[in-house]
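Start counting at 1 in the sequence shown, then tack on 1, and there's your number in the numbering used here.
These notes are about the structure you will find just below.
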Amino acid sequence: MEKSEFVLRAKSPPAVGLFAEATSLSALAAQEAVCTRCPLYKNATQVVPGEGPPRARVLLIGEQPGDVEDVSGRPFVGPSGKLLDIALERAGVARDKCFVTNAVKHFKFELRGKRRLHKKPDAGEIDACRWWLDRERALLRPGLVVALGATAIRGALGRSEAVSRLRGDIIDLGDGVQFLATVHPSSLLRLKDESDKREAWRGFLADLRKIARWIEKDARALD
Ligand code: URA
């Protein structure tokens, strides 16, 4: 096949509805790679699928890939990801035992000169990408779904809810699945005031420690 033909095919995938149902997370990621369910695929470098063990009990959902993730193809490896890694470690949660994904799988940005500035995905984009999030969740069958921020809450629950209303409480979603919402790590990075930062950090760690306790309880129950 000519290279140009391949590029053309990759940019013009068949409608997603024509795909057979993926039976593994890696097959799902291959389908996500040619997604055209919303226009975000047009400007992003690549899709950023979720990653982690296929039997992870905890699903961590972020907002969307950032600039670094868009280039590397991996979730939470840029500045927010580094902060998340530190917070998870402090809270006693092993990131590599969690499945980490995003509510929206392509980077949405606006160009300012040469800089690509993050733009929040809108409700239509989050809802279009729920197709993938729902399938990740169905294949993974996690016991605890954790939403980091408002976009993740909408992706996980299918409706908008304020982070402040839900955060910190473990809620039953039925079918043996529980749900925890907390802030997105980027909200901590945006704070300027030192005492606000300290308070937000403490609150974030307190929420993440609930994941660690949930994991301990879950492991005992599965024993
Ligand atoms: N922010 C997110 O929500 N997800 C990423 O993968 C990176 C930054």
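Glycine is no exception: its CB is placed at the ideal position from the N, C-alpha and C atoms.
Asked, Found
"Heavy atom of the ligand MG within 7 angstroms of Val164 beta-carbon", "As for the ligand MG, it is missing from this structure, which binds only the ligand URA."
"Within 8 angstroms, strictly: CB atoms of Asp219 and Thr183", "no"
"Alpha carbon of Arg75 to alpha carbon of Arg166, nearest angstrom", "30 angstroms"
"Contact set for Gln47: own chain, Cβ-Cβ below 6 angstroms, skip 5 residues either direction", "Gly74"
"Nonlocal neighbours in the same chain, by C-beta distance under 7 angstroms from Glu217, ignoring five residues either side", "none"
"Entirely enclosed beta strand (DSSP E) segments - the stretch 136-183, minimum 3 residues", "145-149, 172-175 and 178-183"
"Check your reading: residues with Cβ closer than 5 angstroms to the ligand URA heavy atoms", "Gly63, Glu64, Pro66, Gly67, Glu70, Pro76, Phe77, Ser81 and Asn103"
"Pairwise C-alpha distance: Cys99 and Arg117", "29 angstroms"
"Three-way DSSP call (helix, strand, coil) for Cys39 in this model", "coil"
"Through-space distance from Gly63 to Glu200, alpha-carbon basis", "21 angstroms"
"Three-state secondary structure assigned by DSSP to Ala58", "For the record, residue 58 in the displayed sequence is Arg; it is not Ala. In the structure shown, Arg58 sits in coil (DSSP, three-state: anything other than H, G, I, E or B)."
"Counted within 10 angstroms of its Cβ, other Cβ atoms place Glu195 as buried (16 or more) or exposed", "exposed"
"Phe110 - partner residues in DSSP beta bridges", "His119"
"Close Cβ partners of Leu174 (< 6 angstroms) along its chain, the five nearest in sequence each way excluded", "Phe180"
"Beta bridge counterpart(s) of Asn103 as assigned by DSSP", "Gly63"
"Endpoints, the alpha helix (DSSP H) within which Ser25 is located", "First-last for Ser25: undefined, no H or E at that position."
"Closest Cα partner of Cys130 within the set Lys83, Leu41, Leu84 and Gly79", "Leu41"
"Nonlocal neighbours in the same chain, by C-beta distance under 8 angstroms from Pro143, ignoring five residues either side", "Ala57, Arg58, Val59, Leu60, Phe100 and Val178"
"Other residues of its chain near Lys211: CB distance less than 8 angstroms, five sequence neighbours each side excluded", "Gly169, Ile171 and Leu181"
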